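Visitor: Provided herewith is a single structure, encoded as structure tokens, for subsequent inquiry.
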Amino acid sequence: EVAVPLVARLTESLGLPGNSAQSIDCARDKYQTRAKLKEANLPTPSNFMIASDEDLPKAEEVVGFPAVLKPVNGAASLGVVRVNTTSELAAKYKEVCSILETCSTTDVHGFHQSDKPKDEDPLVKGIMLEQYLDGDEVDIDVILSDGKVTYAKVTDNLPTHEPWFNETGACTPSILPVAVQRELEEMSVKMCKALGLSSGVMHVEMKYTTNNGPQLIEVNARMGGGPVRDMNLAVWGVDFVEEQLMACVGLPATPPIPSKPIKCLGQYSVNARKS
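Numbering of the sequence shown is given in the numbering used here, commencing with residue 1 and proceeding in unit increments.
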């Protein structure tokens, strides 16, 4: 996750194929992402950037409840939590700030607190409050080649464990109506392009909300983690590592896609009660 901005800067400086550092930075910063989507007249949930606890009343006024506290550039959903009341907002903001203090660019999960250098760069640059989204949560895995979409498929996510949104599993191909899948695929591509992304494998997380259709959770300007590569390879025969390598050397990333899925696949994540 934290290597993607560095890679973008290296490819730019060396004149190699790839996405611009500006587009990668925009995707990594969820607050900037929301601003770009708003500029492009694309759907985005209401949100407010929080600089300190003094901003909490204004954030509550703008976003309302239920809402989600979210680091703008974190990793692995660390510090993402639902809040339902003013008192919860204050308590969870303090808790999230405490959690994020343990994380750095070389230790994104805060596993090695005791031997962490005091001058190490923090991982997270800020926290935002965002409108809570209901509805079906999905992943849309996208391949872009020279600005053109060559692959976009929806994976259904099982309901997350709230309030911390721990993932519980996924299944693919999606069982959502075909029209809904197409809407999600088309919107995810529009959002990637609005951020300036044009090349490589993208992992877009969205919800198809009850009243407002597709709404973005986040755009990951990289291949999805966990079982994402294996599931798409097994179900659609598309290898994201291979396609990313093609994009990295400037060759077309245009995988053959079967008209029907090769198989149906699901996975379940067993969450620990405490970590």
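Every residue gets a Cβ at the ideal spot worked out from N, C-alpha and C, and that includes glycine. The model shown is predicted, which means the values in this text are computed figures rather than measured ones.
I need the straight-line Cα distance from Glu61 to Val180, nearest angstrom please.
Guide: 32 Å
Visitor: Can you grab the Cα-Cα spacing for the pair Asp25 / Ile257, in whole Å?
Guide: 31 Å
Visitor: DSSP three-state call for Thr11: helix, strand or coil?
Guide: Note: Thr11 maps to helix in three-state DSSP.
Visitor: If you drop the 5 nearest sequence neighbours on each side, which residues of the same chain put their C-beta closer than 8 Å to that of Pro5?
Guide: Ala21, Ile24, Asp25 and Arg28
Visitor: If the criterion is Cβ atoms closer than 8 Å, does the pair Pro17 and Ile143 meet it?
Guide: no
Visitor: Please give me, in chain order, every unbroken run of the beta strand (DSSP E) with length at least 3 that falls completely inside the stretch 128-203.
Guide: Within the stretch 128-203, the runs of beta strand (DSSP E) that reach at least 3 residues and sit entirely inside it are, in chain order, 136-145, 148-157 and 169-172.
Visitor: Which whole-angstrom value describes the C-beta separation of Ala152 and Asn19, a residue pair presumed to lie in contact below a C-beta threshold of 8 Å?
Guide: In fact, because the Cβ distance is near 17 Å, the residues do not count as touching under 8 Å.
Visitor: So Gly191 and Leu42 are supposed to be a Cβ contact under 8 Å. How far apart are they, rounded?
Guide: This sequence places Met at residue 191; Gly is not what is there. With a Cβ gap of about 6 Å, Met191 and Leu42 count as contacting.
Visitor: Short of 8 Å in beta carbon distance, which residues of its chain neighbour Thr85, apart from the five on each side in sequence? Order them along the chain.
Guide: Phe65
Visitor: Would Asp156 pass as a contact of Tyr208 if the rule is Cβ separation under 8 Å?
Guide: no
Visitor: Give me the Cα-Cα distance between Ser188 and Gly237, rounded to the nearest whole angstrom.
Guide: 21 Å
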